[in-house]
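Here's the structure we're looking at; comments come further down.
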Amino acid sequence: MDLIRLVLAILPFLLFCILLIFRRSTSLIKISFVTLVLTTVIAVVFWYCSFSTVLISTTRGLIIAVDILLIIFGAIFFLEILRKNKVTESLAVHLDHFSSDIRVQVILLAWFLENFLEGIAGFGTPSTVVAPLLIVLGISPLKAVIIALLGNSTSVPFGAVGTPIRIGFAGIDIDLISIASTTALYNFVGLLVPTFMLWVLVSSKENRFALFKQALPFALWSGIAFVVPSYLVSLFGIEFPSILGSIIGVILVIITGRLGIFTPKPIYRNAKDIKNSSSPLSLKLSVLPYALFIFLLILAKFLLSNSTISVPWLSYSINLFNPGFVFIVSTLVVAYYSKIHWSQISKVARLALNKSIEPFLVIFAMSAVVQLMNNSANITHQLPSITQTLSMFFRTQFLPALAPFIGALGSFITGSATVSNLMFAPSIYSSSLFLGLDPIKILALTVVGAGAGNMIALADVLVAKTVAGVTNSLRDIILLLLPYCIIYLVLVALLGYFT
1136 MDLIRLVLAI
1146 LPFLLFCILL
1156 IFRRSTSLIK
1166 ISFVTLVLTT
1176 VIAVVFWYCS
1186 FSTVLISTTR
1196 GLIIAVDILL
1206 IIFGAIFFLE
1216 ILRKNKVTES
1226 LAVHLDHFSS
1236 DIRVQVILLA
1246 WFLENFLEGI
1256 AGFGTPSTVV
1266 APLLIVLGIS
1276 PLKAVIIALL
1286 GNSTSVPFGA
1296 VGTPIRIGFA
1306 GIDIDLISIA
1316 STTALYNFVG
1326 LLVPTFMLWV
1336 LVSSKENRFA
1346 LFKQALPFAL
1356 WSGIAFVVPS
1366 YLVSLFGIEF
1376 PSILGSIIGV
1386 ILVIITGRLG
1396 IFTPKPIYRN
1406 AKDIKNSSSP
1416 LSLKLSVLPY
1426 ALFIFLLILA
1436 KFLLSNSTIS
1446 VPWLSYSINL
1456 FNPGFVFIVS
1466 TLVVAYYSKI
1476 HWSQISKVAR
1486 LALNKSIEPF
1496 LVIFAMSAVV
1506 QLMNNSANIT
1516 HQLPSITQTL
1526 SMFFRTQFLP
1536 ALAPFIGALG
1546 SFITGSATVS
1556 NLMFAPSIYS
1566 SSLFLGLDPI
1576 KILALTVVGA
1586 GAGNMIALAD
1596 VLVAKTVAGV
1606 TNSLRDIILL
1616 LLPYCIIYLV
1626 LVALLGYFT
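Numbering (the working numbering), first residue to last: 1136 to 1634.
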């Protein structure tokens, strides 16, 4: 019966992946709700879950989805108002004054800015901000989304001021400083991410190999300039490796750029040449909305990150910090000072809401699946939860190589490295002790894998796709990202297994 339950525990994931890859005509909403129905049937029939367990799990999934809906709505609302004000267009012109090379511009935005935003807030914020900026530079929406999602990976283990480790490993008796430094060490694989971005940017060009080779030193240097400071900062705590790593890294890159070191030559411009464009706004006015957003984000993070509303009957707490509120407040401030009429603001808000509905429904269904799996333990029948049943796979000497893939799977499904850790960390911890392996090392490999898996996290892909207005399907985007994600995971797995 244990083997049957193990197969049943895998079945929802298997069905979801099969439908996602092979049923191209089936909408993601249908696939997600079919997966939810199957999970509910399995939980009720084979785990004897009560109606109240199903209701509580579904309600929790709804709360999580509403939380992400606010981010999606807020991001679209913010970006549409900025477009109306020609802020993004102006910012692209000013960025061109720093470096005219599109390869440099992309790495500055998608690597350093995203790492900084991830360190502050997380929750899919980086790619929603950066993808539209890349489009303004003349990059196609699909490429912009791919590059932005690649950038939302290496900084994730220390995202949102260390939340994936601080909250994700809560309840496990383990030294967080040791976890942080070990995580940052395995995170050195992330230095390849700017190289991945560079290849995505130039891969469709006839002279792609020459363009790639010219900027490869800059891409590798940008990777090193982030991961090394991040590691050094991690020796002192879990909160600031991504934030300070990105700040120190961009300073190093700017200094070497001014000295002409690692700068690609000759300069490569995209098809959309903005060299001779005139900016409708000054640099100050172009940067101000983003500076306001980042300031309010930091303020909200420190004021509200520990503030929660408890829902007793759900045994669940809602965190009051949500980047979506920051997007909305920033948008209203910008609209007020730009003297945009309320009728226009209302029109943009309706547009943002309409674009948010589809990703909201998908995230609701998949969040409910995860909650149901986590809450399906049955004390009366002495049955572990569906999630705990999956941990039977973990008790193998290959766990150091398997751990990054487990973390990636968790991020892919839940859209969060923190939730991935909450799902799998207790089982991975107990399995590592049972096998006589170092639990710090195994948990570090898991959270690094969760960061890599964030590239293809369903929720993040949906948000970025929606904000950027990409017409390609979610499965197309994931399949384009998958090779880079697998390379990342394989390298981490090899490091974990042989060190």
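Heads up, the beta-carbon is just placed ideally off N, CA and C, and yes, glycines get one too.
Ends of the beta strand (DSSP E) at residue i?
i	result
Ser1465	Ser1465 -> not in any beta strand (DSSP E); alpha helix (DSSP H) instead, spanning Pro1458 to Tyr1472.
Give me the DSSP bridge partner(s) of residue i.
i	result
Asn1342	DSSP lists no partner for Asn1342.
Asn1513	Leu1518
Compare the beta carbon distance of residue i and residue j with 8 Å and say whether it is the shorter of the two.
i	j	result
Thr1170	Phe1157	no
Phe1547	Gly1588	yes
Ile1281	Ile1591	no
Leu1311	Ile1302	no
Gly1297	Glu1374	yes
Ala1283	Val1271	no
Leu1420	Phe1540	no
Gly1631	Val1582	no
Asn1287	Ser1473	no
Thr1289	Val1362	yes
Ala1210	Val1596	no
Ser1234	Met1501	no
Thr1260	Ile1206	yes
Phe1559	Arg1530	no
Leu1455	Ser1442	yes
Phe1428	Val1461	yes
Glu1224	Leu1486	no
Ser1608	Ala1178	no
Leu1204	Ser1491	yes
Ala1538	Ile1563	yes
Phe1293	Pro1376	yes
Leu1326	Val1337	no
Ile1577	Pro1535	yes
Pro1352	Phe1323	no
Leu1507	Thr1175	yes
Leu1277	Val1554	no
Val1598	Thr1263	yes
Gly1380	Val1388	no
Thr1522	Asn1513	no
Leu1244	Val1422	no
Pro1561	Ile1314	no
Ends of the alpha helix (DSSP H) at residue i?
i	result
Tyr1564	Ala1552 to Leu1570
Gly1545	Leu1534 to Thr1549
Leu1432	Leu1418 to Leu1439
Val1335	Val1328 to Val1337
Arg1404	Per DSSP, Arg1404 belongs to no alpha helix (DSSP H) and is neither H nor E.
Ala1315	Leu1311 to Tyr1321
Pro1299	Gly1294 to Arg1301
Just to check my reading of the structure: residue i and residue j have Cβ atoms closer than 8 Å, yes? What is that Cβ distance to the nearest angstrom?
i	j	result
Ile1402	Asp1202	Contact doesn't hold; Cβ gap of about 43 Å is too wide.
Ser1566	Asp1573	Actually they do not touch by this definition, with Cβ atoms about 12 Å apart.
Ile1453	Ile1444	5 Å
Ala1484	Phe1212	6 Å
Ile1498	Gly1550	7 Å
Val1504	Pro1147	6 Å
Gly1254	Ile1378	4 Å
Leu1268	Val1335	The Cβ separation is near 16 Å, so there is no contact.
Pro1424	Leu1217	6 Å
Leu1333	Ala1350	6 Å
Thr1330	Leu1370	The pair is not a contact, with the Cβ atoms about 26 Å apart (cut-off 8 Å).
Item to check | Length-filtered (4 minimum) alpha helix (DSSP H) runs lying within the region 1587-1619 | outcome: Here the runs fully enclosed are 1593-1603.
Checklist entry - If you scan the region 1148-1209 from start to end, which runs of the alpha helix (DSSP H) of 4 or more residues do you find wholly inside it? => result 1163-1181
Checklist entry - Which full runs of the alpha helix (DSSP H) of 4+ residues lie inside the region 1212-1290, going along the chain? => result 1222-1233, 1237-1242, 1249-1255, 1260-1271 and 1276-1286
Item to check | alpha helix (DSSP H) segments (min. 4 residues) lying fully within the region 1342-1391 | outcome: 1343-1369
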